[in-house]
Each structure stands twice: as C-alpha cells, then as structure tokens.
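First the structure, in the form of structure tokens, and then the observations on it.
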Amino acid sequence: MHRKRSRQEGFTLIELMVTIVVFGILLMIAVPSFTSMMDTVRVKRAGDAVNAFMVNAKSEAIKRNATVRAIVQVADSGATWCVGMTTAASCDCLTAGSCQIDGADRIISNSAYKSVSLDGPDDAHAFVFSALRGTVTGNETVELVSENDVKLNVVVAPTGRARLCSPDGSAGGYATCP
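In structure tokens:
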C-alpha cells in the first residue's frame, strides 16, 4: 500500500511573522534615507522655482523695456518668505495684491515649499533688472535651506543670468558655489 504524500499549500504562521519582522527592519532602515531624499527634493524644487522666477523677471524687463524688480522678503527668521515681481518702485509680497504686473499677482512663497526656509535678514531685498539687456547691479544671491541643512543658492550675475549652485555641496547635482 502506498500512501499519498500530502503537499503543504500556503505558508505557516511562523514564516509570515519572520517575513513581517524582516520587512519592518528594512523599512526602519529606509525611512531616514527617504526623508533625507525628500528634503533634498523640496529644496531643489524651491531653488528651481526661484531661479525660474528670476529668469522671468529679466525677460519681463527686456520685453517691457522697463525696470522690473524681483523683491525677496523674509520674515520669522526665514520661516516665512516670498518673492514678488513688479514694475513699481516696491511691493510687499507678504500682502495679497501688492506685487502685480498687468493686474496679475507675480508671487512665489514658502507656502508651496513648507520645509524650506530662506536664509537672510528679516527685510526686503530687491533684484533690480534694467530695461537694457536685463542686467542687475552686482552679484545677487538668495540662499534656500531645508530642515536637514541642505543648502542651494540662486545666484544672479551682473548680466542678469540666474543659476543654481550649492554653497557646501549638500545639494547633489549642482556645482559648488565659488
């Protein structure tokens, strides 16, 4: 007489528990790295937005044949910040409707970049783009900093050219600032 061997189907409770424990350990190892990566992505997004804003301000100055100001404002030691664009002598981008061109608000702020602060004094600083070739006076810099101290600078050269660089190399993929 031959007995049929019974085949086990599925898996045991012990195998399931071991799998869950291994998965939990891997997750605990990965979460800090993922958080750090997301922090870097946030500061890069904010840097790209401010850089594009400066490029747009230069283009507006040339297009309109008028002086355009990109006004950077910082409050709460960098936790609250905004950049506004105007053809007027000044604007307060922390106040709705203050920074406009042709009746449209031209503002970016930290509300879209929650964990990114702007390093600088709690006051307004204007990047003044001239109508002639969109040039600015001197090298101008905006430094963005994440919660984990990832730093990215937006540097506007006297020619009006905006570029991104990392002052300490913490934002991978960008040249180190001179």
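Going by our numbering, the residue at position 103 of the sequence shown is 629; the numbering climbs one at a time, nothing skipped. Don't be surprised by glycine CBs; every beta carbon is placed ideally from N, CA and C. All values derive from a computational prediction rather than experimental measurement.
Test item: CB-CB of residue i and residue j under 8 Å
i	j	result
T593	F653	no
N636	C608	yes
Delimiting residues of the alpha helix (DSSP H) encompassing residue i
i	result
D574	539-590
Residues that DSSP places opposite residue i in a beta bridge
i	result
A688	V682
C703	Looking at the DSSP assignment, C703 forms no beta bridge with any residue, so it has no partner.
A638	In DSSP, A638 forms no bridge with anything.
L644	L670
Option in the options with minimal Cα separation from residue i
i	options	result
R568	A596, S641, K589	S641
I633	V544, N577, K570	N577
R687	K677, T545, A601, G660	G660
K584	T663, S696, I551	T663
R689	A596, E666, G610, R533	E666
D694	D602, A683, A575, L670	L670
P684	F579, R533, G550, L658	L658
D649	V598, S559, E586, T545	V598
R590	A601, T613, T561	T613
Proximal residues to residue i (C-beta, below 7 Å), its chain only, five neighbours per side dropped
i	result
C691	N679, V681, Y700, A701, T702, C703
Y639	R568, R571, A572
N- and C-terminal bounds of the beta strand (DSSP E) containing residue i
i	result
A596	594-601
C608	606-612
V654	650-655
S672	666-672
Cβ shell of residue i (< 6 Å), same chain only, five flanking positions each side left out
i	result
I588	G660
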